[in-house]
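Numbering-wise, my numbering comes out as the position in the first sequence, counting from 1, plus 644. Some notes on the structure that comes next.
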Amino acid sequence: MTATRPDPEIPAKLLAWYDKHARALPWRAMPGEPAPDPYRVWLSEIMLQQTTVAAVKPYFAAFTQRWPDVAALANASDEDVMAAWAGLGYYSRARNLVKAARFVAELGGFPETEEGLRALPGVGDYTAAAIAAIAFGRRAVVVDANVERVVARLFAIEEPLPGARKAIRAAADRITPDERSGDFAQAMMDLGSRICTPRAPRCDACPLAADCAARGHDPQRLPVKAPKKVKPVRRGRAFWIEREGCVWLVQRAPEGMLGGMRALPDDGWSAAGDGSGEPPLVGAWQEAGVVRHTFTHFVIGLSVRRYDGAPATVSGKGEWWPIDRLDEAGLPTLFAKAARLARAASERLL
DNA sequence: GAGACGTGGTC
DNA sequence: TGACCAAGTCT
């Protein structure tokens, strides 16, 4: 059996392409520039987990302006960081971000090895490798979804994900250079996001087309993935309780769905089942509309109900939040949508 | 290893 | 329009 050896010039070709076509990004050093601040690399990598560059940009700008270094972030309150993260999704990242910042501040700086970085909460195999390579110039095999796609095509790896991960990683290892491994990783990701795209890859513009085993064999079919599961549809209610220009907000449980975030009170709906329909207080409720929102693993049809002139006390823990400053509360998108509906319903009554 | 975990953009 | 997808991690 003859092993197919990758062209030893692959990294050189890719780096030459990167020198000309690297995307300018706020957290990135362009080719030839000194490595960027590890804090900015780490922060951007956490934000970019399962999240698009376009979505991250405004959050990265806001975070780095408000918390310019890891010490500043370590001194921030959990509440402020969670609110600043609102809308970006995957809120466990924000919870882990503060923990990691405090850990790093305690250490006196970021670990410089993959193993050391891996100890930070929220830093897995991909992120540890990316930071080690990009911020510290260490050789590391950086494998994200872009790299998986590029490598699966380059070597025509037909095995479906996730089983193919081992083979993909081994192949990525064989083409990762000792020098400029950070640039190489970013070049692979740029190639994956701009050229070797999931659908309709632009093989005519690809610097590795001559080396690609899948070229001319429907590269867009790779990597092969398991079929998606159908998302269940759940029903639930959220409650807008208004009094003297304020709305009653609660804090969600620290773990799980939207964990630790401010929210409107609801009837206990979850991925596992519908809500009870029960409001937090007895009275005349008015239907304000239904929000349909898609999560990773289910769809929720959230019926929004409003109640004006609530008593001074509502059962349970929460806070009266000024409605004219609601954007500062840091509501996750689902509840921001619900709040919009409730306020629109209020306008119709006037 | 498979499921939980958000959101917005794209075609 | 809706399915697919994005610089994954944790349990």
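Note that the Cβ used here is the ideal one computed from N, Cα and C, for glycine as well. Keep in mind that this is a model prediction, so the values were computed, not measured.
Residues of its chain near Val742, where Cβ-Cβ distance is below 6 Å and the 5 sequence neighbours each way are ignored:
Asp722 and Val725, listed in sequence order.
Here's the rule I'm using: 16 or more other beta-carbon atoms within 10 Å means buried, otherwise exposed. How should Pro655 be labelled?
So Pro655 ends up on the buried side.
DSSP three-state label for Asp952, please.
In the three-state DSSP reduction, Asp952 falls in the strand class (E or B).
Would you give the residue range spanned by the beta strand (DSSP E) that Gly933 belongs to?
Gln930 to Thr938
With distances taken Cα to Cα, identify the nearest neighbour of Pro863 among Val894, Gly676 and Cys847.
Cys847
Mapping the DSSP letters down to three states, classify Ala666 as helix, strand or coil.
coil
For Ala858 versus Leu866, is the C-beta distance shorter than 7 Å?
yes
Go to Arg881, then tell me how far its alpha helix (DSSP H) extends in each direction, as first and last residue.
Run containing Arg881: none in the alpha helix (DSSP H); it sits in the beta strand (DSSP E), Val877 to Arg887.
How is the beta strand (DSSP E) around Gln895 delimited, first residue to last?
Cys890 to Gln895
If we count the other Cβ atoms within 10 Å of its Cβ and call it buried at 16 or more, is Ala647 buried or exposed?
Note that Ala647 scores 48 on pLDDT, short of 50, meaning its location in the model is unreliable; the coordinates nonetheless yield the value given after this. Exposed: under 16 other Cβ atoms inside 10 Å.
Could you pull the start and end residues of the beta strand (DSSP E) that Glu963 belongs to?
Glu963 to Pro966
Inter-stretch contact (C-beta, 8 Å, three-pair minimum) for the region 927 to 934 and the region 908 to 919:
In short, these stretches do not touch, since the Cβ pair count stays below three.
I believe Gly860 touches Arg793 by the beta-carbon criterion, under 8 Å. Please report the beta-carbon distance rounded to the nearest angstrom.
With a Cβ gap of about 17 Å, Gly860 and Arg793 do not count as contacting.
Terminal residues of the alpha helix (DSSP H) in which Met832 lies:
Where Met832 is concerned, the enclosing alpha helix (DSSP H) stretches over Ser825 to Arg838.
For Asp651, which residues from the same chain have a beta carbon less than 7 Å from its beta carbon, with the 5 sequence-adjacent residues on both sides left out?
Cβ within range, chain order: Asp855.
Counting C-beta neighbours from all protein chains within 10 Å, is the total for Gly960 16 or more, i.e. buried, or is it exposed?
exposed
Using a Cβ-Cβ cut-off of 8 Å (strictly less than) and excluding sequence neighbours within five positions of Gly889, which residues of its own chain qualify?
Closer than 8 Å at the Cβ level, and outside the excluded window around Gly889, lie Pro966, Ile967 and Asp968.
Whole angstroms is fine: what's the gap from Leu761's alpha carbon to Ile690's?
12 Å
Kindly give me the distance between the Cβ atoms of Pro845 and Phe883, rounded to whole angstroms, as I take these residues to be in contact under 8 Å.
For a cut-off of 8 Å, the C-beta gap from Pro845 to Phe883 is around 48 Å, too long to register as a contact.
For the alpha helix (DSSP H) that Lys701 lies in, which residues bound it at each end?
Val697 to Arg710
Between the Cα of Gly979 and those of Gly921, Val891, Val926 and Ala928, spot the shortest distance and give me the residue it belongs to.
Note on identity: in this sequence residue 979 is Phe, with Gly being the wrong assignment. Selected option, being the one with the closest Cα: Val891.
Return the bridge partner residues of Ser990 from the DSSP annotation.
Partner(s): none; Ser990 has no beta bridge.
With a threshold of 16 other CB atoms inside 10 Å of the CB of Gln1077, please say whether the residue is buried or exposed.
Lying outside 645 to 994, the shown extent of the chain, residue 1077 is not represented and no answer is given.
Report buried or exposed for Ser736, applying the criterion of at least 16 other Cβ atoms within 10 angstroms of its Cβ.
exposed
Is the beta carbon of Val785 less than 7 Å from the beta carbon of Thr820?
yes
In three-state terms, what does DSSP make of Ala853?
If DSSP states are grouped into helix, strand and coil, Ala853 belongs with the helices.
Which of the three DSSP states is assigned to Gly760 in this structure?
helix
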